[in-house]
Amino acid sequence: MEQARRQACVHKVPICFPRSVETSVAAGLGSVGCTGAVGPIVRVPTLEGVTVLRMDNVGIVFDDLDAAVAFFVELGLELQGKMTVEGEWSDRVVGLDGQRVDVAMMRTPDGHSKLELMSYQKPTMISPEPKNAPPNTLGIRRLMFAVDDIEDAIARLRTHDAELIGEVVRYEDIFLLCYVRGPEGVIVALAEELS
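Each residue of the sequence shown is one higher than the one before, starting from 667 at the first, in this note's numbering.
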């Protein structure tokens, strides 16, 4: 069974829904178990023997950092802390001279995923075009979160000016799914497992 899990993690990771390892492997899907959320961390060798241990966080830039924090707190993430980052070392990392950025680190309730929310004091932030790009636009388009009550999550996020993009759809008898647009046009997908 462990060998089957490892092979599923190595070869079949096109999508990750909030399922158990056994269900996901049987369905041919990757699962959170592949990253260590369920069971042991599986180390998968990549080019030149380099191994990715985990995805540490996803960074998103917002004009209004407090509004972004409030949005993700409403969704159920925990604010771990805020700080301002600047200095020669950070200029060199991001490739922006004289940068100064406010950062808020958010963590999912299970402790396995993080969002790094940022707002640049300098240099001036740049708006993408179009601002509210549709889901088929090139680049990172959305973040997906498993929720326990999709309708409640939508209602709470609407108090933070979130908008439902399409509609809530039932996928067989497995999930309720939807896309919601949040601060700075970020698309948040919600998935409620039915069972």
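The beta-carbon is built from N, C-alpha and C at its ideal position, and this holds for glycine as well.
Check: So what does DSSP say about Val759, is it helix, strand or coil?
Finding: Collapsing the DSSP output to three states places Val759 in a helix.
Next item on the list: Express the C-alpha separation of Arg766 and Asp776 in angstroms, rounding to a whole number.
Entry: 31 Å
Next item on the list: Could you pull out every residue in the same chain whose Cβ sits closer than 8 Å to the Cβ of Lys788, ignoring the five residues on either side in sequence?
Entry: Taking C-beta separations shorter than 8 Å and ignoring five residues to either side along the sequence, the partners of Lys788 in its chain run Gly764, Gln765, Arg766, following chain order.
Notebook entry, point to check: What residues in its chain sit with their C-beta under 6 Å from that of Ala828, if we drop five residues either side in the sequence?
Noted result: Val846, Gly848
Checklist line | Where Ile816 falls, given that 16 or more other Cβ within 10 Å makes a residue buried | finding: buried
Next item on the list: Please list, in chain order, all residues of the same chain as Glu838 whose beta carbon is under 7 Å from its beta carbon, the five residues on each side excluded.
Entry: none
Note to self: Can you list, in chain order, the residues of its chain with a C-beta nearer than 7 Å to that of Leu762? Leave out the 5 residues immediately preceding and following it.
What the structure shows: Pro789
Checklist line | As assigned by DSSP and simplified to three states, the class of Gly851 | finding: helix
Notebook entry, point to check: Near Leu863, what residues of its chain come up, given a Cβ to Cβ distance below 8 Å and the 5 sequence neighbours on each side ignored?
Noted result: The chain is shown from 667 up to 861; residue 863 falls before or after that span and cannot be answered.
Next item on the list: Identify, in the order they occur along the chain, each residue of the same chain with its Cβ nearer than 6 Å to the Cβ of Glu850, setting aside the five sequence neighbours on each side.
Entry: Phe728
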